[in-house]
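In full-length UniProt numbering, the protein residues as written are 1 to 66.
Here the structure comes first, spelled out in C-alpha cells, and everything after it is commentary.
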C-alpha cells in the first residue's frame, strides 16, 4: 500500500513539473522525507498526507485514489 501511494505521489508531483525538493519546500518538509514517502519506506501520518495533498492542490481523497 505504501509503495502504491508513493508512486501516486511521484505521478502527481511530476504532473506539476516539480522536483522532490520543490514539493518538500511547499510542504515544509525536507527532501529526504519526500523521498522516503515516494519509495514507500515510511508510514506517513494523516496530517503529512494532508500537507502533501494541499501542496499538490488536490484533496486528500484524490491523493489516496490508489
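Don't be surprised by glycine CBs; every beta carbon is placed ideally from N, CA and C.
Counting only runs of 4 or more residues that sit fully inside the UniProt domain "HTH cro/C1-type" (9 to 63), the alpha helix (DSSP H) segments are 20 to 27, 31 to 39, 46 to 55, 60 to 63, in chain order. By the criterion of a C-beta distance shorter than 7 Å, residue 21 is surrounded in its chain by 31, once the five residues flanking it on both sides are discounted. Nearest in C-alpha terms to residue 23, of all of 42, 2, 53, 62, is 53. At a Cβ-Cβ threshold of 8 Å, residue 49 and residue 28 do not count as neighbours.
Comparing alpha carbon positions, the residue from 15, 45, 19, 51 closest to residue 2 is 45.
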